[in-house]
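Q: Next up is a structure, given as structure tokens.
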Amino acid sequence: MVDSTRNRSAERLIDILVELQNYGVVSRYNLMKKYNITERTAYRDLNMLSPFIEACGDGKYRLISARAGNQSKESLHKSLARLLDTDAIFPER
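With the sequence shown counted from 1, adding 146 to any position gets you our numbering.
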């Protein structure tokens with residue numbers, strides 16, 4: 147059960163980052179509807195992504211400006227691997 151919950155959470159976090167990369171903004175309300183999660187869970191997910199995202203008003207979030215264009219993909223991947231605790235699964239290349 148714990149692994150299943152952790153997997154769903156990790157999948158949501160990655161999906162949120164992909165959506166942010168593709169569309170620029172996500173809505174907390176839309177996340178609740180899309181993933182059938184409570185507002186508390188949406189806040190928890192967004193808080194986990196706080197190194198990467200910032201609130202932009204009305205329950206919407208975007209990538210932090212420095213991460214949106216100036217940071218290398220490799221650096222973003224390393225930060226995400228640490229966040230998801232996958233450093234051991236994906237060792238340095």
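Each residue gets a CB set at the ideal place from its N, CA and C atoms; glycine is no exception.
It should be emphasised that the depicted structure is a prediction, and the values quoted were computed from it without experimental measurement.
Using the rule of at least 16 other Cβ atoms within 10 Å of the residue's Cβ for burial, across every protein chain shown, is I199 buried or exposed?
A: Mapped onto the sequence shown, residue 199 falls at position 53. Buried, because 16 or more other Cβ atoms sit within 10 Å of the Cβ of I199.
Q: Where do the ends of the beta strand (DSSP E) carrying L209 lie?
A: In the sequence shown, residue 209 corresponds to position 63, counting from 1. That run of the beta strand (DSSP E) goes K206 to L209.
Q: Starting from I183, follow its DSSP beta bridges and name the residues at the other end.
A: Residue mapping note: residue 183 aligns to position 37 of the sequence shown, counting from 1. DSSP, once it has assigned bridges, lists no residue as partnering I183.
Q: Contact check, S173 vs G205 under 8 angstroms by CB: the rounded distance?
A: As a position in the sequence shown, residue 173 is number 27, starting the count at 1. As a position in the sequence shown, residue 205 is number 59, starting the count at 1. S173 to G205, Cβ: 6 angstroms. Contact.
Q: Is S173 helix, strand or coil by DSSP?
A: The sequence position of residue 173 within the sequence shown is 27, counting from 1. Note: S173 maps to strand in three-state DSSP.
Q: Excluding sequence positions up to five away, which residues of its chain have a Cβ less than 7 angstroms from the Cβ of M181?
A: Translated into the one-based positions of the sequence shown, residue 181 becomes position 35. Sequence inspection shows Tyr at residue 181; the Met mentioned does not correspond to that position. Within the same chain, Y181 has close Cβ partners R158.
Q: Taking the beta carbon of A201 as the centre, do at least 16 other beta carbons fall within 10 Å, making it buried, or is it exposed?
A: For the purposes of this step, residue 201 is identified with residue 55 of the sequence shown, where counting begins at 1. Under this definition A201 is an exposed residue.
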